[in-house]
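Following: one structure in structure tokens, then a few remarks.
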Amino acid sequence: MATPKSVIELNNSWPYPFSKWRLGTRLYNLIESVREMHGEFGTAGALGALVNAIRGELVSGGQLAERLIDLEDKAYNQLLSVPGWQENTGSGGAAKDDIENTAAVDAVVDGMYSANLYAATQDTALDLSIVTAAGEYRNVTLSVDSLGALHQTVGAVAASALAAEVPRPPSGEVAVGIIHVPPSFTAGTTEIGAGGVTFTDGFPRRLAVHTPISTAALVDVSATIPDSLPDSY
529 MATPKSVIEL
539 NNSWPYPFSK
549 WRLGTRLYNL
559 IESVREMHGE
569 FGTAGALGAL
579 VNAIRGELVS
589 GGQLAERLID
599 LEDKAYNQLL
609 SVPGWQENTG
619 SGGAAKDDIE
629 NTAAVDAVVD
639 GMYSANLYAA
649 TQDTALDLSI
659 VTAAGEYRNV
669 TLSVDSLGAL
679 HQTVGAVAAS
689 ALAAEVPRPP
699 SGEVAVGIIH
709 VPPSFTAGTT
719 EIGAGGVTFT
729 DGFPRRLAVH
739 TPISTAALVD
749 VSATIPDSLP
759 DSY
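Structure representation (structure tokens):
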């Protein structure tokens with residue numbers, strides 16, 4: 529790009545004709561630098577891509593957002609015992625399509641500790657919406673509120689056990705277990721054990737505590753930003 533006439537005029541008038549870096553040249557280079565920085569912050573610029581990558585980690589589903597949710601759960605909602613979820617084994621012709629916990633639930637809910645929040649060996653009927661067809665899998669999150677009531681949050685069906693989401697419990701409840709539902713299951717009809725249902729005590733963190741946050745999406749853009757200003761004056 530040719531040097532603008534205004535720059536030439538400034539060069540010839542300040543501070544003296546033979547100065548190496550005259551006012552016009554300095555202003556011209558400064559403007560070019562600002563122009564380049566503006567381009568880098570644009571939609572296709574490297575700095576813009578970096579900002580968007582960081583923003584993506586902060587929204588729902590991003591690694592930073594998930595870590596913050598985990599920290600919040602750790603601070604306000606904690607399961608402090610092992611409930612031992614299983615098929616109902618109570619006496620007197622127990623319904624094998626129900627579930628029970630072998631041990632009491634001790635937990636912190638909304639920052640308040642409660643021992644024996646949910647008593648041991650309670651029989652619970654599954655939510656009747658827990659149904660899967662052939663080739664379908666789903667997970668159900670068990671949670672307890674501050675009053676000791678057990679709730680079931682049913683996840684969407686998926687084509688594989690690995691792809692099935694584990695739904696988060698509602699706000700103000702502590703997750704105490706997960707029911708893993710296999711294909712061809714109907715709540716209230718299919719027996720728990722014979723139907724292939726399995727359980728997990730507690731609730732997994734979104735990210736393992738010691739798992740470093742991936743920086744694959746965050747790139748070093750320093751090498752892509754051109755330097756239009758002189759190194760010395």
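Counting from 1, position 161 in the sequence shown corresponds to residue 689 in my numbering; the numbering is continuous, with no gaps.
C-beta: ideal position from N, C-alpha, C; glycine also.
Please read all numbers here as calculations on a predicted model, not as lab measurements.
Distance check for A687 and T714, CA to CA, integer angstroms please. In this model, T714 and A687 are separated by some 17 angstroms (Cα to Cα).
Quick check for students: name the residue ranges of the alpha helix (DSSP H) that lie wholly in the stretch 636 to 685, counting only runs of 4 or more. Entirely contained in the stretch 636 to 685, not one alpha helix (DSSP H) run reaches 4 residues.
Closer than 8 angstroms to chain C by CB, D626: The chain labelled as chain C is not found in the depicted structure, where only one protein chain is given.
Buried or exposed for I706, going by 16 or more other Cβ atoms inside 10 Å? Result: buried.
Do L607 and A684 count as a contact pair if the criterion is CB distance below 8 angstroms? No. Outside cutoff.
Touching by the beta-carbon criterion (3+ pairs, under 8 angstroms), the stretch 689 to 699 and the stretch 666 to 678: The stretch 689 to 699 makes contact with the stretch 666 to 678; the number of CB pairs closer than 8 angstroms reaches 3 or more.
Would you say the beta carbon of P695 is closer than 7 angstroms to some non-hydrogen atom of the ligand GTP? In the structure on display, the ligand GTP does not appear, and there are no ligands present to speak of.
For G615, which three-state DSSP category applies? What sits at residue 615 in the sequence shown is Glu, not Gly. E615 falls in the strand class under three-state DSSP.
According to DSSP, what are the bridge partners of E628? According to DSSP, E628 bridges with Q614 and D651.
Check L596 in the structure and name its three-state DSSP category. In the three-state reduction of the DSSP assignment, L596 falls in the helix class.
Per-residue DSSP class, three states only, for I720: In this structure, I720 counts as coil in the three-state DSSP scheme.
Please state whether the Cβ-Cβ distance between S674 and D638 is less than 8 angstroms. With a cutoff of 8 angstroms on beta-carbon distance, S674 and D638 are scored as near each other.
Classify V694 as helix, strand or coil using the three-state DSSP reduction. Coil.
Spatial neighbours of G663 within its chain, please: C-beta separation below 6 angstroms, excluding the five flanking residues on both sides. Here G663 has P711 as same chain residues with Cβ atoms under 6 angstroms from its own Cβ, once five neighbours each way along the sequence are excluded.
Return the chain-ordered list of same chain residues with a C-beta closer than 8 angstroms to the C-beta of N644, the five sequence neighbours on each side being excluded. Closer than 8 angstroms at the Cβ level, and outside the excluded window around N644, lie A632, V633 and D634.
What's the gap between the Cα of V682 and the Cα of N629? Straight-line Cα distance between these residues: approximately 19 angstroms.
Residue(s) in a DSSP beta bridge with V702: Answer is V672.
How many Å lie between L592 and I582 at the Cα? L592 and I582 have their C-alpha atoms roughly 9 angstroms apart.
Do D626 and D655 have their CB atoms nearer than 8 angstroms? The answer is no: Cβ separation not under 8 angstroms.
Compare the Cα-Cα distances from A653 to each of V636, M640, Y646 and E615 and report the closest residue. In terms of Cα proximity to A653, the closest of V636, M640, Y646 and E615 is E615.
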